[in-house]
Amino acid sequence: MASSSAEVAVPPISPSTVKQPPPEKPSEIRRRTYVILSFWFIVLVLGLPIWWKTTTIYRADLPLERMLQWANGKACRPAFPLQISIRADAVADQDAQHLVRLTQHALDDLNDFPGHHLRLKLNPKGDKISPTSKEHDADSTLTINLTPGDSNSAVMSPQSSVLGMTYAPNSIPSPNSASSMLATYIANELQSTFSEEQSIISYLLSTSSMSSSARQQGLTAEMAEALSKRTTRSLRYAPTYHLSFSLLTDGAIPNTWDIDAAINEYMKPMLNVLGSIHNFTVDTQVQLYATPGVQSQVLSKDHLASFINAAEWPLSPSIGGAPTVNFIIFVGNQTIGSDDAKVENSQSWMIPQWGSVYLLPLPSTEKHVSTQALKQPMLMFGGHLLTLLGTPQSGSLPLRLSTLARIRTIDLLLRAASSLGSLARLSPSLPSISIPRSVADGVSSSLQHLEQACANLGGPEGLLHARVAEEEAERAFFEKSMVGQLYFPDEHKIAVYLPLLGPVGVPLVLGLINEIKNWIKRRKQRAQEEKEKKGQ
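Take a look at the structure:
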């Protein structure tokens with residue numbers, strides 16, 4: 001049986017036949033509007049202020065202008081007032097005073113370095129001071145002892161800051177003379193005595209923003225290169241250094257040494273003198289069967305870099321945060337060869353910013369290293385330590401150490417000012433980073449100590465204040481809570497907020513848009529109805 005299907009035509013439905021929903025009552029429209037507005041009211045009046053308050057990044061106020069002034073060299077012009085005492089017991093008071101005035105004029109004409117203010121004073125007559133005497137005016141940087149002699153000559157005392165000078169007969173200027181060869185000679189000697197210090201300070205200023213003084217001093221390219229090597233070789237300043245003395249041998253002997261007696265006799269006096277600038281802690285050790293990295297009997301310069309067997313030698317690390325200076329005595333018959341046939345092979349070398357190594361030859365049967373055998377290594381270590389600390393090379397030891405204190409003071413002052421300048425430039429460039437109150441306190445403390453250091457550059461207080469200023473500036477710049485936010489990008493914030501605000505924000509925004517559209521539509525209808533009524 002065949003099946004058939006019939007198609008039934010469905011007439012189109014006109015819009016007039018569709019049943020429209022009943023019109024909304026005005027009260028329902030107002031209720032819906034109030035609901036939407038109440039949500040937006042809660043968001044704008046309560047939600048946003050609470051969110052703003054709980055997510056606002058605290059940024060303590062920093063004295064940015066003062067910080068930049070220090071960084072740009074406008075807050076302090078480093079100048080060390082150095083007092084030079086002159087003793088002239090064999091010269092009449094009137095003639096001695098006139099000689100001091102002429103020498104001061106000659107010195108002012110020679111000294112074009114604004115970082116030094118050399119001021120001469122005449123000491124009252126008293127006991128004579130020989131060129132090798134240890135007596136020295138504590139208030140003066142240098143004491144000049146003038147004594148009569150056959151000619152003009154100068155000898156620096158190796159044990160004190162006393163410059164012994166002799167003058168030729170009839171070289172004392174008369175009260176009416178306007179110039180003096182002796183005054184010029186003394187001024188030239190003083191200029192030569194402090195020339196190395198002036199060069200080092202000029203180099204430090206030239207590598208910082210306070211470079212005007214260095215330009216006036218006029219460092220040559222050769223001098224700048226030599227000073228750069230010296231700066232690279234020396235250790236970064238620290239209040240305390242840890243000295244580690246190690247006796248290493250590739251066999252079982254020697255296994256004892258008189259290191260305590262050697263340190264007390266040869267190193268302790270120098271460490272005591274350095275105590276006003278640095279503190280030192282000391283430890284010692286003996287390491288047997290310590291195989292060096294190079295087995296050659298005559299070491300070349302290329303061998304020195306790989307001689308230290310750091311993988312097997314238990315060298316002391318930094319203890320308590322203080323940098324370690326390693327002094328190694330390796331017992332063996334090795335020497336350091338020289339390219340010059342006229343120069344004998346040496347026994348020691350210094351490693352920049354690390355320490356020193358001394359190759360000590362001993363008989364193969366020697367079991368004990370005596371104090372006498374340690375004399376030369378200790379003296380060599382003492383010289384290397386001064387070099388590693390950045391001590392100038394010319395002058396007596398007390399004068400070199402006073403120069404070192406001034407160099408360290410200006411170095412710390414420049415580093416503190418540089419850190420403050422970096423922080424002042426970083427803060428405005430990263431508005432989303434927080435600035436804790438501890439940073440502001442550290443900056444304030446650093447600025448106070450910088451001002452006191454600048455006002456006391458000629459005394460030991462200057463070094464103390466510069467040290468505190470540098471520590472506070474470094475602590476403020478490397479604040480842990482602040483540095484961690486440097487790596488918090490804006491994309492991360494979007495990824496956090498979008499999943500939270502998206503589901504809530506979309507209905508609120510769409511509901512507000514629809515309500516605005518309906519309000520506009522109702523307003524147009526109302527206007528149309530009023531227009532039709534007026535037309536009738």
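In terms of UniProt numbering, the sequence shown has 45 at position 45, counting the first letter as 1, and numbering is strictly consecutive. We put the beta carbon where it would ideally sit given N, CA and C, even for glycine. Everything numeric in this text was worked out from a predicted model, so none of it was measured.
Classification of residue i by the beta-carbon crowding that lies within 10 angstroms, buried from 16 upward
i           : result
residue 201 : buried
residue 353 : exposed
residue 334 : buried
residue 145 : buried
residue 314 : exposed
residue 437 : exposed
residue 442 : buried
residue 357 : buried
residue 55  : exposed
residue 266 : buried
residue 143 : buried
residue 34  : exposed
residue 302 : exposed
residue 237 : buried
residue 506 : exposed
residue 87  : buried
residue 78  : buried
residue 128 : Interpretation of residue 128 is limited by its pLDDT of 47, a score under 50 that renders its predicted location unreliable; the figure taken from the coordinates is listed afterwards. Counting Cβ neighbours within 10 Å, residue 128 comes out exposed, since fewer than 16 surround it.
residue 291 : exposed
residue 107 : buried
Spatial distance of residue i from residue j (CA atoms)
i           : j           : result
residue 540 : residue 493 : Nothing can be reported for residue 540, as the shown portion of the chain is limited to 1 through 536.
residue 186 : residue 399 : 17 Å
residue 46  : residue 36  : 15 Å
residue 182 : residue 234 : 38 Å
residue 432 : residue 420 : 19 Å
residue 519 : residue 21  : 18 Å
residue 452 : residue 439 : 20 Å
residue 468 : residue 404 : 18 Å
residue 533 : residue 42  : 41 Å
residue 247 : residue 299 : 19 Å
residue 456 : residue 189 : 26 Å
residue 495 : residue 307 : 54 Å
residue 509 : residue 472 : 51 Å
residue 100 : residue 159 : 25 Å
residue 466 : residue 166 : 39 Å
residue 277 : residue 387 : 15 Å
residue 175 : residue 116 : 28 Å
residue 152 : residue 124 : 22 Å
residue 503 : residue 39  : 14 Å
residue 257 : residue 364 : 15 Å
residue 27  : residue 480 : 59 Å
residue 514 : residue 430 : 40 Å
residue 122 : residue 82  : 14 Å
residue 526 : residue 19  : 23 Å
residue 98  : residue 161 : 24 Å
Beta-carbon proximity list for residue i, same chain, < 6 Å, skipping 5 on both sides
i           : result
residue 148 : 90
residue 415 : 470
residue 477 : 419, 423
residue 293 : 306, 307, 309
residue 394 : 196
residue 350 : 356, 384
residue 329 : 247, 358, 360, 377
residue 212 : In this prediction, residue 212 scores a pLDDT of 48, lower than 50, which makes its location untrustworthy; the coordinate-derived value is nonetheless stated afterwards. Excluding residues within five positions, none has a Cβ falling inside 6 Å.
Same chain only: Cβ atoms within 8 Å of residue i, ignoring 5 sequence neighbours per side
i           : result
residue 407 : 197, 200, 201, 204, 390, 392
residue 343 : Per-residue confidence for residue 343 stands at a pLDDT of 48, beneath the threshold of 50, marking its modelled position as unreliable; no derived number is given.
residue 62  : 423, 424, 427, 435, 439, 440, 443
residue 297 : 333, 334, 335
residue 529 : none
residue 64  : 424, 427, 428
residue 261 : 371
residue 252 : 288, 289
Cutoff 7 Å; reference residue i; Cβ partners in own chain excluding five residues on either side
i           : result
residue 555 : Missing from the structure shown is residue 555; the chain here goes from 1 to 536 and no further.
residue 132 : In this prediction, residue 132 has a pLDDT of 43, which is less than 50 and means its spatial position is unreliable; nothing more can be read from the coordinates.
residue 524 : none
residue 411 : 204, 237
Taking 8 Å as the cut-off, does the segment 274-287 touch the segment 226-246 (at least 3 CB pairs, one atom from each stretch)? Contact holds: three or more Cβ-Cβ distances are below 8 Å.
Continuous alpha helix (DSSP H) assignments of at least 4 residues falling wholly in the segment 425-478: 437-455, 460-477
Runs of beta strand (DSSP E) lying entirely within the segment 323-378, each at least 3 residues, in chain order: 324-331, 348-351, 355-360
Which runs of the beta strand (DSSP E) fall wholly inside the segment 248-320 and span at least 3 residues, in chain order? 279-287
Segments of 4+ residues assigned as alpha helix (DSSP H) that fall wholly inside the segment 142-228: Qualifying alpha helix (DSSP H) stretches, in chain order: 181-193, 195-206, 212-217.
My parser needs the beta strand (DSSP E) runs of 3 or more residues fully inside the segment 49-107; what are they? 80-87
Cβ contact (3+ pairs, closer than 8 Å) linking the segment 374-381 and the segment 160-179: no
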